[in-house]
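Participant:
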Amino acid sequence: MNKIYKWFHQWGSPPTFYKWSGQWLPWLTFFCVALFAIGLYGGLVYAPADYQQKDSFRIIYIHVPAAWMSMFVYLVMAISGAIALIWHIKLSEIMMLSSASIGASFTFIALVTGSIWGKPTWGTWWEWGDARLLSELMLLFLYIGIIGLYSAIEDKRKAAEAVSILALVGTVNIPIIHYSVIFVNTLHQGPTVSMFDSPSIDTRMLIPLLIMALAFKLFYGIVLLMRSRNELLWRERRSQWVKNIIKGDGT
Amino acid sequence: MSEFFYMGGYGGYIWSAYAITAVVMTLSIVLPIMQGKQTRKRIEQMLEQEQD
Amino acid sequence: MNIFITILKRDLLLAVRHRTELLNPMLFFVLVIVLFQLGMRAKPAVLVTLAPAIVWIAALLSALLSLDHMFRSDMEDGALEQMIISTQPTSLLVLAKIIAHWIITGLPVTLIAPILGMMLGLTFDATQILFLTLLIGTPILSAIGSIGVALTVGLRRGGVLLSILVLPLYVPVLIFASQTVTTSMSGYPITASMSVLMAMMVLSLSLSPWASSAALRMSVS
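Just so you know, the protein sequences line up as chains B, C and A, in that order.
For the record, in the first sequence the residue sitting at position 13 is 13 according to the working numbering, with numbers rising by one throughout.
Each position in the second sequence, counted from 1, maps to that position plus 1000 in the working numbering.
Each position in the third sequence, counted from 1, maps to that position plus 2000 in the working numbering.
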């Protein structure tokens, strides 16, 4: 047990995190670019055209990963917020704050690409009656609210607390988005990729999707680390380890 | 090659979706990089001022 | 339990003393509905299909308008701080404030809604369902709204931010409530959406006092 605490404590220490993340970033970038390259080739060239939707279905390769990430990032944000609220771990707070704008970006991408995909497929850019479209839109508002609330409160310690609470309260939206396609089948199609059933989608179409999903995850990781490092550097600017980095080799 | 861009008639939809995504994701990377440089500069300036 | 009643009575008493503040949300509610009709000048057949949504949107907007004084006057004169540092559980006090807020704003809106509903052309049966959804739904608005106010009460110009924060949480209520009335108007059973609405009410009333008291402690500190 002591070893776990020690590992956790070390990991949470700012200079260790900064050094460790600095070493990981080049690797993550390499794999992320590689996965995007493979995934895009797979999605745009390798995967056969869909029987019903022909080529328009190819938007799936950015729409679905973005939508999955919009929810994943929100959960990471809410959990980091909870950890920061309960145990006052600074790094958790930083990771929560650093996740907000990238999460909003993913949500935006999901909504826009979904809308573009919807036009040729269902004949409409938007459908106000659809549960999933609405709850994804509400997710975007939640992200915007979180970013807005943080910037509105001057005392940044209080601001982080407020945002943690808001993020936790908004978590109810995630299961609503996820399960709404099962309960309410108004416009958005039902789930094609599930954890337990075999997917109702051709393998040649599925593989690029999973690769793209992984690529998006790595992308999130990269942006998260970059933002966290910036925030950490600034918060700890008066400490010796930061001075060493700025004055020294600059890694 | 032109068939690749045409995408069976759906080219406009597909490429605009991919383009918007590319723009948003590029911004997501570029902004933190720029902020990082700014942060370092500000810390450097602060350290120099303290030395005086 | 005593402290709950005390705070409840106190808030109601304060509201009665400032009767004009009481009227604002109600007037706003009526105004929005009247303006909708004036603005649209739709045929009665069209208006009646829109009626549930119009009434509910008006209720939502007047709830948003009235949320501010749930905590603000207490914050300004320091009473809020006293409540928080007292030995009583803050969430209980918050619940009392939520109920008081509902009695002052949600309940009057619910009571005059049937008249306005019939003015919009709703049948008696539909009006009954509308009344029911408002009765169950307006407490949800007060409960969820309290979280938003608690987060923004310390800010000088928190008005717009409050709306952005509270909106994602209000929209499901709006959707289920107006959907309940619309389905009943089409003749289909409303048990499903009504149950969801009731579940929302129970959940929001039991969970939001916790979130709001945590937020208040942050705002006031």
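Just so it is clear, CB atoms sit at the ideal spot from N, CA and C, and this is done for glycine as well.
Please determine, among G2145/A, S2221/A, I2007/A, the residue with the shortest C-alpha to C-alpha distance to M2201/A.
Facilitator: Counted from its first residue, the third sequence places residue 2201/A at position 201. Checked all of G2145/A, S2221/A, I2007/A; the closest Cα to M2201/A is G2145/A.
Participant: Using the DSSP secondary-structure output, state which residues sit across from K54/B in a beta bridge.
Facilitator: For the purposes of this step, residue 54/B is taken as the residue at position 54 of the first sequence. For K54/B, which the question treats as bridged, DSSP gives the partners D50/B.
Participant: For A2015/A and A2096/A, what's the separation of their Cα atoms in angstroms?
Facilitator: Residue mapping note: residue 2015/A aligns to position 15 of the third sequence, counting from 1. Residue mapping note: residue 2096/A aligns to position 96 of the third sequence, counting from 1. Distance between the alpha carbons of A2015/A and A2096/A is about 14 Å.
Participant: Do V1024/C and F31/B come within 8 Å of each other at the CB atom, strictly closer than that value?
Facilitator: As a working note, residue 31/B is residue 31 in the first sequence. As a working note, residue 1024/C is residue 24 in the second sequence. Result no, Cβ atoms of F31/B and V1024/C do not sit closer than 8 Å.
Participant: Which runs of the beta strand (DSSP E) spanning at least 3 residues fall entirely within the stretch 195 to 243 of chain B, listed in chain order?
Facilitator: Those beta strand (DSSP E) runs which fall completely within the stretch 195 to 243 of chain B and span 3+ residues do not exist here.
Participant: If we call anything under 8 Å between Cβ atoms a contact, is I245/B one with L25/B?
Facilitator: Reading the first sequence from its first residue, position 245 is the one you call residue 245/B. Reading the first sequence from its first residue, position 25 is the one you call residue 25/B. In this structure, L25/B does not lie closer than 8 Å to I245/B by Cβ.
Participant: Give the interface partners of T1039/C over in chain B, defined as CB-CB distance under 7 Å, in chain order.
Facilitator: In the second sequence, counting from the first residue as 1, residue 1039/C sits at position 39. By Cβ distance, chain B contributes N230, L233, W234.
Participant: Taking only beta-carbon positions, decide if T1026/C is within less than 8 Å of chain B.
Facilitator: As a position in the second sequence, residue 1026/C is number 26, starting the count at 1. With 8 Å as the cut-off, T1026/C does not count as an interface residue toward chain B.
Participant: Is the beta carbon of T2110/A sitting closer than 8 Å to the one on L2092/A?
Facilitator: Counting from one through the third sequence, the residue named residue 2110/A turns up at place 110. Counting from one through the third sequence, the residue named residue 2092/A turns up at place 92. No, the Cβ-Cβ distance between T2110/A and L2092/A is not below 8 Å.
Participant: Could you list which residues in chain B have their beta carbon closer than 8 Å to that of S1002/C, in chain order?
Facilitator: Within the second sequence, numbered from 1, the residue matching residue 1002/C stands at position 2. Here the premise fails: no neighbours, minimum Cβ distance about 14 Å.
Participant: Going straight from the alpha carbon of Y1010/C to that of K158/B, what length do you get?
Facilitator: Residue mapping note: residue 1010/C aligns to position 10 of the second sequence, counting from 1. Residue mapping note: residue 158/B aligns to position 158 of the first sequence, counting from 1. Between Y1010/C and K158/B, the C-alpha separation is close to 49 Å.
Participant: Assuming V2055/A and L2130/A make a contact with CB atoms under 8 Å, what is their CB distance in whole Å?
Facilitator: Taking the first residue of the third sequence as position 1, residue 2055/A is located at position 55. Taking the first residue of the third sequence as position 1, residue 2130/A is located at position 130. With a Cβ gap of about 6 Å, V2055/A and L2130/A count as contacting.
Participant: Once you ignore the five residues that flank A49/B on each side, which residues in its own chain have a CB closer than 7 Å to its CB?
Facilitator: Translated into positions along the first sequence, residue 49/B becomes position 49. Cβ within range, chain order: D55.
Participant: With DSSP collapsed to three states, give me the class of L2205/A.
Facilitator: For the purposes of this step, residue 2205/A is taken as residue 205 along the third sequence, with counting starting at 1. Of the three classes helix, strand and coil, the one that applies to L2205/A here is helix, per DSSP.
Participant: Helix, strand or coil for A110/B, going by three-state DSSP, please let me know.
Facilitator: For the purposes of this step, residue 110/B is taken as residue 110 along the first sequence, with counting starting at 1. In the structure shown, A110/B sits in a helix (DSSP, three-state: H, G or I).
Participant: Which bits of chain B does P2168/A rub up against, with CB to CB less than 8 Å?
Facilitator: What you label residue 2168/A is simply residue 168 of the third sequence in a count that begins at 1. Those within 8 Å of P2168/A in chain B are M138, L139, F141, L142, G145, G170, N173.
Participant: Evaluate contact between the stretch 2068 to 2086 of chain A and the stretch 1034 to 1052 of chain C, counting only Cβ atoms and requiring at least three cross-stretch pairs below 8 Å.
Facilitator: Short answer: they don't touch.
Participant: Would you mind stating whether I2147/A and A2215/A have Cβ atoms separated by less than 8 Å?
Facilitator: In the third sequence, residue 2147/A corresponds to position 147, counting from 1. In the third sequence, residue 2215/A corresponds to position 215, counting from 1. Yes, the Cβ-Cβ distance between I2147/A and A2215/A is below 8 Å.
Participant: If the cut is a Cβ gap below 7 Å, which residues of chain C does K119/B touch?
Facilitator: Residue 119/B sits at position 119 when you count from the first residue of the first sequence. Within 7 Å Cβ-Cβ: Y1013.
Participant: Roughly how many angstroms separate the alpha carbons of K156/B and Y150/B, rounded to a whole number?
Facilitator: Position 156 of the first sequence, counted from the first residue, corresponds to residue 156/B. Position 150 of the first sequence, counted from the first residue, corresponds to residue 150/B. Cα to Cα, K156/B sits roughly 7 Å from Y150/B.
Participant: Given a threshold of 16 other Cβ atoms within 10 Å of its Cβ, counted over all protein chains shown, does M1046/C qualify as buried or as exposed?
Facilitator: The residue labelled residue 1046/C in the question sits at position 46 within the second sequence. With fewer than 16 other Cβ atoms within 10 Å, it is exposed.
Participant: Under a three-way DSSP split, which group does L2122/A fall into?
Facilitator: Looking up residue 2122/A in the third sequence gives position 122. In this structure, L2122/A counts as coil in the three-state DSSP scheme.
Participant: Buried or exposed: T2102/A, going by 16 or more other Cβ atoms within 10 Å of its Cβ?
Facilitator: Counted from its first residue, the third sequence places residue 2102/A at position 102. A small correction: the amino acid at residue 2102/A is Trp; Thr does not occupy that position in the sequence shown. Looking at its Cβ environment, which holds 16 or more other Cβ atoms inside 10 Å, W2102/A is buried.
Participant: Taking 8 Å as the threshold (beta carbon to beta carbon), is Q1035/C in contact with chain B?
Facilitator: Working through the second sequence from its first residue, we reach residue 1035/C at position 35. Closer than 8 Å to some Cβ of chain B, the Cβ of Q1035/C qualifies, so yes.
Participant: Just checking, does the stretch 2114 to 2121 of chain A make contact with the stretch 2046 to 2054 of chain A on the three C-beta pairs under 8 Å criterion?
Facilitator: Verdict: yes, contact present.
Participant: How would you write the range of the alpha helix (DSSP H) that T2020/A sits in, first residue to last?
Facilitator: For this step, residue 2020/A is matched to residue 20 along the third sequence. That run of the alpha helix (DSSP H) goes 2019 to 2040.
Participant: For L176/B, tell me which candidate among I2136/A, E2021/A, S2206/A, L2169/A has the shortest Cα-Cα distance.
Facilitator: Taking the first sequence and counting its residues from 1, the one referred to as residue 176/B is at position 176. The amino acid at residue 176/B is misidentified as Leu; the sequence shows Ile. For the residues I2136/A, E2021/A, S2206/A, L2169/A, the minimum Cα distance to I176/B belongs to L2169/A.
Participant: Assuming T1021/C contacts I62/B under a Cβ cut-off of 8 Å, what Cβ separation, rounded to an integer in Å, is found between them?
Facilitator: Counted from its first residue, the second sequence places residue 1021/C at position 21. Counted from its first residue, the first sequence places residue 62/B at position 62. Sure, about 5 Å apart at Cβ, within 8 Å.
Participant: So, does the CB of E1048/C fall closer than 8 Å to a CB anywhere in chain B?
Facilitator: Locating residue 1048/C in the second sequence gives position 48, where the first residue counts as 1. Chain B contact via Cβ: absent.
Participant: Does any residue of chain D bring its CB to less than 8 Å from the CB of A100/B?
Facilitator: The structure shown contains no chain D; its protein chains are B, C and A.
Participant: Using only CA atoms, which one of E161/B, P14/B, I144/B lies nearest to H88/B?
Facilitator: As a working mapping, residue 88/B is identified with position 88 in the first sequence. Measuring from the Cα of H88/B, the nearest candidate turns out to be E161/B.
Participant: What do you reckon, are the CB atoms on I153/B and A104/B nearer than 8 Å?
Facilitator: For the purposes of this step, residue 153/B is taken as the residue at position 153 of the first sequence. For the purposes of this step, residue 104/B is taken as the residue at position 104 of the first sequence. Contact: no.
Participant: Whose Cβ in chain B lies nearer than 8 Å to the Cβ of A1017/C?
Facilitator: Position 17 of the second sequence, counting from 1, holds the residue named residue 1017/C. Result: I59, I62, H63, V112, T113, I116, W117.
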